[in-house]
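Worksheet: the structure to be examined is printed underneath.
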Amino acid sequence: MYKLLLVLASAQALKRPQRALAVRGGEVDPITIGKGIVAASGIYGAFDPAANAGLYGIKAEDKGNAMMRLMGWSQILFAAALNLDMDSVHGQMAYHSIAFLLVAQPSFEKFQCPKAPDAVWMAICAAVGYKTLDGSLNKWVPTAIWLANGAQFFLAPQSAIDLYEMKGTNRLCKAMTSMMGGQMLCVGTYLAALVMDKSQSEAFAYAMAVNGLAAVKFALQDADDLKAPKSGPLAWAALSAGLAYKALN
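Position one of the sequence shown corresponds to residue 29 (my numbering), numbered consecutively onward.
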């Protein structure tokens, strides 16, 4: 997938500026490129996780494919956050989380996870989304939920696997759990920056920096264990850094 990402990025950069794209100073807005690439990668991963894994040099079995699919859906969530109105994104992302938990059920069922925790989370997200959008709940609350969950999944994936009683996981499952946490942290970072009155460009840049760090972590800590080349995640890291830099300059 990383080769496709580089092709897409190059094609976007070579296009003449169009009104449909957010043009700044005669150049295509990096946010437009970034959310498009993240969404495209997520859609491909959710649609055909086995083929997506193969592009990174990973041979995944049934449960590994399930986690690759979940990773794809988490990328779609990140792209959705970048595409939502900045005034309502905090509340709307709580509703998007409900949609994620619903579409993720077939993948979770591969691990025989109990459904009660997901039902509880959907109820929490519904309440948080409603209260945030009507202005009675501080936007830091949904932001903190994204950051806290993201930190656990990213930094301590085995604890998340144990907490949700996922059975029969392997190294790839653990690595993808961490990468899912990375995407949650991207969303949380974006939301936090907006709460702190940063511009959308700044918020995007910080989120893409986190995305790059997640890719570097995968390259340094997980690639060797999975016997996968580091070129894929490092391409993601370079692309994320480039988009973050462009957004700030």
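Each residue gets a CB set at the ideal place from its N, CA and C atoms; glycine is no exception. Small disclaimer: the values here were computed from a predicted structure and weren't measured.
Neighbourhood of residue i by C-beta, 6 Å cutoff - its chain only, sequence neighbours within 5 removed
i      : result
Ile59  : Phe232
Asn277 : none
Ala122 : Cys153, Val156, Gly157 and Pro170
Ala265 : Gly240, Ala243 and Val244
Leu110 : Lys63
Leu49  : The predicted position of Leu49 is uncertain, since its pLDDT is 39 and thus under 50; a value taken from the coordinates is nonetheless stated next. Taken in chain order, the residues that qualify are Val56 and Thr60.
Asp146 : Leu129
Ser102 : Met208 and Gln211
C-beta contact flag for residue i and residue j at 8 Å
i      : j      : result
Phe128 : Gly196 : no
Val238 : Gly210 : yes
Ala188 : Thr205 : yes
Ala88  : Ala79  : no
Val215 : Trp168 : no
Ala107 : Ala67  : yes
Ile61  : Leu271 : yes
Phe246 : Ala203 : yes
Gly178 : Leu213 : yes
Tyr192 : Cys141 : yes
When the options are compared against residue i, the one with the closest alpha-carbon
i      : options                         : result
Asp90  : Trp101, Pro77 and Gly216        : Pro77
Gln228 : Gly92, Val148, Gly73 and Leu112 : Leu112
Val131 : Ala251, Leu161 and Phe75        : Phe75
His118 : Leu98, Ile71, Met194 and Gly163 : Gly163
Own chain, CB closer than 7 Å to residue i, minus 5 neighbours either side, in chain order
i      : result
Lys159 : Leu165
Ile126 : Met150, Cys153 and Ala154
Ala221 : Glu230, Ala231 and Tyr234
Pro134 : none
Cutoff 8 Å: residue i Cβ touching any chain B Cβ
i      : result
Gly209 : Included in the structure is just one protein chain, with no chain B present.
Same chain, Cβ closer than 8 Å to residue i, neighbours up to 5 away in sequence not counted
i      : result
Trp174 : Met121, Met212, Leu213, Val215, Gly216 and Leu219
Asp253 : Arg199 and Ala203
Taking only runs of the alpha helix (DSSP H) that begin and end inside the region 183-225, which ones reach a length of at least 4 residues, in chain order?
Complete alpha helix (DSSP H) runs here, min 4: 185-191 and 199-223.
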